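Please read the structure below before turning to the comments.
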Amino acid sequence: MPDNTNHVVDVADDGFEVENALLPFDSDQISNLRPSDSASQVSKVTSTSTTSSSSSKRKRTLRSDVWVYCREGREEDGELIQHKTGRYYYCKLCSAGYTNSEAAWSHLKSAYGIVKPEEASKRATTAANSPLKRSFAATALKMAAQKERVAQATMGDIINQERFNEALVRLIVMRNLPISAVEWPELEDLLKATNPAVDGPQDKATTLPLKIHLAVDCWSSPNRKSLMAICAQFVDDGKLQKALIALPELQSHTGKETASAIIRTLNSYEIFHLLGYIVSDNASGNDKMMRFVEESRGGAYEAEHYRIRCFGHILNLAAQAFLFAKDKSAVNEAIRQIKDSATDVDDNLTAHLRSAEAAGWRQMGALGKLHNIEVHFRASDARYNEFKKLAKGRVLPQENATRWNSWYKVVDVARQEVMRSAITIYCQRYSQDLQDDTLDSDDWQVINDTYNFLSTFNRATLLTQGDSATIDKVIHTMDIITKVYKNETERAKLLNKPRYLSALMTSWYLFDKYYAKTSDSSVYAAALLLHPSFRLQYIQDNWDKSWREPALRAARNLWKEQYATRQVDKLQTSGAERSSTATSAEPSAFDLAMGQMKLAAPVEDEFELFIKQAQSTLPASTTALEWWLDPARKKDYPRLYYMAVDILSIPAMSAEPERIFSGARRTVTWTRFCLGSSAIERSECLRSWIRAKVTIPEQLLFTEVGSGEIAIEMD
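Numbering follows UniProt numbering, with no gaps: position 369 of the sequence shown is 369.
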């Protein structure tokens, strides 16, 4: 915190000191820049302006810029004026003194975020080099130039405007405040009563990966708008990053409509050429979407290969089949009837699988009885509180018709001793109403079996939905679930549990259908092969012989077609290649003789070399992608590195769109049903960008409108 004592400031009549001659850009040129201007247009303006300024002000040096923010010492205040090599520099904002301009600049940067004009320009130019952020470059440069124009010379103006705007937007977006909050007089009073002193922003150089993957999903908002979340996942600055890049409103959920939204979004960011794999649910409309993207993308972009099915949706469908499907024929009929549906596949399949519901919940056995008990006590406030008292302050959760994990929570709570006792006593008290819903010992056994089996799906979901979860975990987790199916089937046969066995076989049947579809894309097998803890040995140990060869052939073809001949820097040679190259400039007689004997075996290509090596044990906190992002891997495998990063950064499921929708539900409250789709999109994108630490120009944060929040938020 800078010392604010003995604060004396020299100001002009209007309260500010301005030296336009010190600006690196002409103000008229800067004001004409637009957020859509390209980086080349910005560079053209800055280079022209800088040349003009330097020619007209040759006597001025960069050192003189510091006097916008500093002053000379004052004898009357007991301050030093001159030292052996020059003058003292006193900060106008806090009266801190320094013997040279560099020290003064360092203080201004650390205490107030004020940097040299050329440094601000360099930061903005660096941001423009990123394809994803190029559209922000012109506005960011304009901001940097404008902020250098005025010295914040009074106590009321000691504030970094860029940081203030960013913090204000963060407050509004993250806490779901109305956009008109910026006009609240109470907020203005609060700001006037403060004495802010904040650190300057920390910029970060970024690089984009070869491929940018997408996770997409559709959602109907509470105010009846059909929105599509388009989330990007990529490696930036050596880390896995994700961000919402668009939330457009759709007129329909057809494949052509969703594909158009994706193409339009990627073109606006100028990253269509970097498009990698697209993760979406199992609806057939998404197959059509991928074909439209393929037609637009052209080249070697094959829809079937780049289409990744959301693992979370696969888990949900298999669990729903376990809970509600009567047999395999019910599953086949459900799949047949929803094959051409463009709406949510989970909702459709669940509706068909739960045909027993039409005949009454009791036809569903123990789960149906639990449902009826819950409906009974929730139908009356008195009964609700009575049940809650019996259960010592708890109640049965309400299940969700389309989400298996809601039923998992129900059976988890019901099987606990206190809740089981409360249910038994409650059914006895209302035996006349619930005589057909009283749970017997067989029902409780079904509830326990259901909980034990669904625990596998719960673990699988937690393993593959985290921020660091990528596609390498999908097949490995599916192999584990397959093993659970086998073990539980044998146990059900041994213990003579026909209902449990039937549910297991039905669920396994559906799960296996989607497991087989993973062979449509070679990236699933490639992800296992490129995982340092799995490699080729995993496939040889855990897969049937009939699966191995097709998977290996597809992965090898992917390597050869896209990566094996990739151009790399001449200094980047593989470890095997480096080991076979002599280090001395002049070979000795011994080296020549050894070379003539041809003892060295031919060097294998990087892919074969890696997958055939022994498996490596990774720390529990290290992912396969993080292992590959170690700079040493790029030196050892200069081409395979890109294949590994491309594949191991693919999302395992479309969990990020679901997170976006959860946040949007809190944005579109019943008091904000007037929000237009563009306002919802802006709010959720800003929230996502803030979390991803994406730098956003303030002109994109605030849009000038005429009549408050309704004018902003209405379509």
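The beta carbon of each residue, even a glycine, is placed where N, CA and C say it ideally should be.
Everything numeric in this text was worked out from a predicted model, so none of it was measured.
Helix, strand or coil at residue i according to DSSP, with G and I counted as helix
i           : result
G312        : helix
V568        : coil
C218        : strand
P117        : helix
A246        : strand
G78         : coil
Q320        : helix
residue 731 : Absent from the model: residue 731. The displayed extent of the chain is 1 to 715, so no value can be given.
L640        : helix
W444        : helix
F387        : helix
G663        : helix
T464        : helix
L439        : coil
S341        : Bear in mind that the predicted position of S341 carries a pLDDT of just 47, short of 50, making it unreliable; the figure below should be weighed with that in mind. Note: S341 maps to coil in three-state DSSP.
E399        : coil
E658        : helix
V173        : helix
W689        : helix
Y301        : coil
Local Cβ density within 10 Å of residue i, reported as buried at 16 or more and exposed below that
i    : result
R535 : buried
G78  : exposed
G312 : buried
E399 : buried
L454 : buried
K256 : exposed
F590 : exposed
V345 : Here V345 scores only 49 on pLDDT, less than 50, and its place in the model is too uncertain to base an answer on.
N496 : exposed
I245 : buried
G368 : buried
Q241 : buried
V235 : buried
W184 : exposed
N487 : exposed
L190 : exposed
Q428 : exposed
For residue i: DSSP bridge partner residues
i    : result
T470 : P651
R307 : I278
D381 : In the DSSP output, where bridge partners are listed per residue, D381 has none listed.
C91  : C70
Q615 : None, per the DSSP bridge assignment.
K239 : D236
H83  : G86
D365 : In the sequence as displayed, the identity of residue 365 is Gly instead of Asp. BP columns for G365 are empty, so no partner.
G97  : Y90
Chain C within 9 Å of residue i, Cβ atoms only
i    : result
A321 : The question asks about chain C, but that chain is absent: this structure has only one protein chain.
Where the beta strand (DSSP E) containing residue i begins and where it ends
i    : result
F234 : 226-236
Continuous alpha helix (DSSP H) stretch holding residue i: start and end
i           : result
A103        : 101-112
I539        : 535-542
I611        : 606-611
C674        : Careful: C674 lies outside any alpha helix (DSSP H) and carries neither H nor E.
A555        : 545-562
K517        : 498-517
N267        : 255-269
N405        : 404-414
residue 725 : Past the boundaries of the shown model lies residue 725; the chain is included only from 1 to 715, so the question cannot be answered.
D288        : Note on residue identity: the sequence assigns Lys, not Asp, to residue 288. Note, K288: alpha helix (DSSP H), 284-297.
R429        : 417-429
Y524        : 523-529
E626        : 624-628
Proximity of residue i and residue j at Cβ, strictly below 9 Å
i           : j    : result
residue 730 : I471 : Absent from the structure is residue 730, since the part of the chain shown begins at 1 and ends at 715.
R672        : P117 : no
Y430        : R459 : no
residue 737 : Y69  : Given that the chain is displayed from residue 1 to residue 715, the structure contains no residue 737 and the question cannot be resolved.
A215        : S280 : yes
A243        : A261 : no
A620        : Q537 : no
S101        : V66  : yes
A469        : Y408 : no
The ligand ZN heavy atom lying under 8 Å from the CB of residue i
i   : result
D77 : Absent from the structure shown: the ligand ZN. Ligands present: none.
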